[in-house]
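What follows is a single structure, written as structure tokens, with notes after it.
Spelled out as structure tokens, the structure:
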């Protein structure tokens, strides 16, 4: 019998203590940036080895502020993989720079560092890699390359909070790292993000860039040093973050167990490519599988629709940035980055969140088997 109970592709886990804390903030009448923002930033900083951390209203805002912090602007180039979410490309374009796309690895989706080095020009200002669940970019090689050419690194770590590189948490070392607290990420603040920087000088610049460019003068009047946006997080969101961060280890452990069950139970589909399965230090935000739909005799749209009849929602992370209208407007065309284009055509993100059970994973695997039977 077809099951009709909806299994969401992603969903947050909000307990009663968190809900009560939100109510307390609302009753306090201090709902904009305040003591809970400071508490959240302190806790996050501790999770990143004490590095200065600031929270913002979104990870997209964190990327824009990171680019501004690195003085990226008109005439500059930022090298990034075309296999990433649109915000990476958008923020590079928004600050007036040019995104220089490169391809990625088929399984890990890690940015191709050989192509990165080949793409470096005198106008290159930064490298912006995106980390994917299950495996990180080779951090040693990345930072060696950046040091060799005198480039800044902005790590898009939206999907990998809780991952480690050789025992060190992502964000606890390197240059700049940004994180996302959207409801489909490892933890949530409803909407929100964070930026981890190198020192307090950079952190104070972030304070200015996330709040209108305002600085206080000695007589307590205000000046605007730079035309900036408004990305300060509310105390309502921050108190959710405080509670979510405490539960993050539990969330990650559940996700890891679910992914292990996916690997153990996934049906044999000819030509399908699963994510990397060997990284105990990695967190899991998504479980993306590549299906050779043409070879299997159906389209991705048909496959996803068939899973919906089983009450199973899916995602498509991610389409190739260089083939969007913005990317094509920058002169990019189909065929330039074949691996990312294949991922864009064939990937399906299956349900994965900490509220799921092994039975839910079995249900997804059985539905996939039936659809392709």
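Residue numbers (the working numbering): 47 to 419.
Positions of the beta carbon are idealized from the N, C-alpha and C atoms, including for glycine.
Environment of residue i [buried if 16+ CB atoms lie within 10 Å]
i: residue 326; result: exposed
i: residue 61; result: exposed
i: residue 47; result: At residue 47, the pLDDT of 42 sits below 50, so the modelled position is not reliable and the matter cannot be decided from this model.
i: residue 173; result: buried
i: residue 232; result: buried
i: residue 171; result: buried
i: residue 264; result: exposed
i: residue 272; result: exposed
i: residue 58; result: buried
i: residue 286; result: buried
i: residue 222; result: buried
i: residue 309; result: exposed
i: residue 256; result: buried
i: residue 358; result: buried
i: residue 117; result: exposed
i: residue 245; result: exposed
i: residue 345; result: exposed
i: residue 186; result: exposed
i: residue 328; result: buried
i: residue 201; result: buried
Spatially closest choice to residue i from the options, by CA coordinates
i: residue 54; options: 385, 389, 162, 356; result: 356
i: residue 56; options: 128, 402, 416; result: 402
i: residue 161; options: 170, 149, 213, 201; result: 149
i: residue 243; options: 253, 237, 273; result: 253
i: residue 347; options: 369, 392, 311; result: 392
i: residue 342; options: 115, 146, 419; result: 419
i: residue 94; options: 208, 301, 337; result: 208
i: residue 157; options: 416, 385, 106, 351; result: 385
i: residue 145; options: 416, 400, 378, 412; result: 378
i: residue 247; options: 68, 84, 77, 97; result: 97
i: residue 388; options: 352, 360, 335; result: 335
i: residue 269; options: 278, 259, 276, 275; result: 259
i: residue 214; options: 76, 92, 320; result: 92
i: residue 139; options: 70, 193, 375, 381; result: 375
i: residue 293; options: 278, 400, 141; result: 400
i: residue 290; options: 245, 121, 340, 228; result: 228
i: residue 133; options: 370, 381, 412, 382; result: 370
i: residue 88; options: 284, 328, 404; result: 284
i: residue 65; options: 111, 236, 361; result: 236
i: residue 278; options: 111, 69, 51; result: 111
i: residue 361; options: 71, 109, 230, 141; result: 230
i: residue 86; options: 234, 417, 350; result: 234
Cβ-based neighbour list, residue i, same chain, cut-off 7 Å, excluding 5 preceding and 5 following
i: residue 332; result: 179, 205, 363, 395, 398
i: residue 189; result: 199, 220
i: residue 183; result: 156, 157, 175, 177
i: residue 262; result: 268
i: residue 76; result: 281
i: residue 167; result: 123
i: residue 71; result: 77, 82, 281, 282, 285
Proximity of residue i and residue j at Cβ, strictly below 8 Å
i: residue 126; j: residue 240; result: no
i: residue 407; j: residue 82; result: no
i: residue 313; j: residue 410; result: no
i: residue 203; j: residue 225; result: yes
i: residue 25; j: residue 79; result: Residue coverage of the chain in this structure runs from 47 to 419, which leaves residue 25 outside it and unanswerable.
i: residue 196; j: residue 102; result: no
i: residue 368; j: residue 147; result: yes
i: residue 372; j: residue 137; result: no
i: residue 123; j: residue 73; result: no
i: residue 318; j: residue 337; result: yes
i: residue 251; j: residue 115; result: yes
i: residue 159; j: residue 113; result: no
i: residue 143; j: residue 107; result: no
i: residue 153; j: residue 321; result: yes
N- and C-terminal bounds of the alpha helix (DSSP H) containing residue i
i: residue 355; result: 346-355
i: residue 107; result: 105-115
i: residue 301; result: 281-311
i: residue 411; result: 404-418
i: residue 339; result: 339-342
i: residue 87; result: 81-93
i: residue 132; result: 132-140
Extent of the continuous beta strand (DSSP E) to which residue i belongs
i: residue 127; result: 123-127
i: residue 225; result: 222-226
i: residue 395; result: 393-396
i: residue 145; result: 144-148
i: residue 480; result: The requested residue 480 does not occur in the structure, where the chain is confined to residues 47 to 419.
i: residue 240; result: 239-242
i: residue 269; result: 268-270
i: residue 198; result: 198-202
i: residue 102; result: 99-102
Same chain, Cβ closer than 6 Å to residue i, neighbours up to 5 away in sequence not counted
i: residue 155; result: 129, 178
i: residue 164; result: none
i: residue 131; result: 364
Proximity test, Cβ basis, 8 Å: residue i and chain D
i: residue 72; result: Absent from the structure is chain D; it holds one protein chain and no more.
Own chain residues within Cβ distance below 8 Å of residue i, not counting five before or after
i: residue 330; result: 179, 180, 298, 301, 302, 304, 305, 398
i: residue 324; result: none
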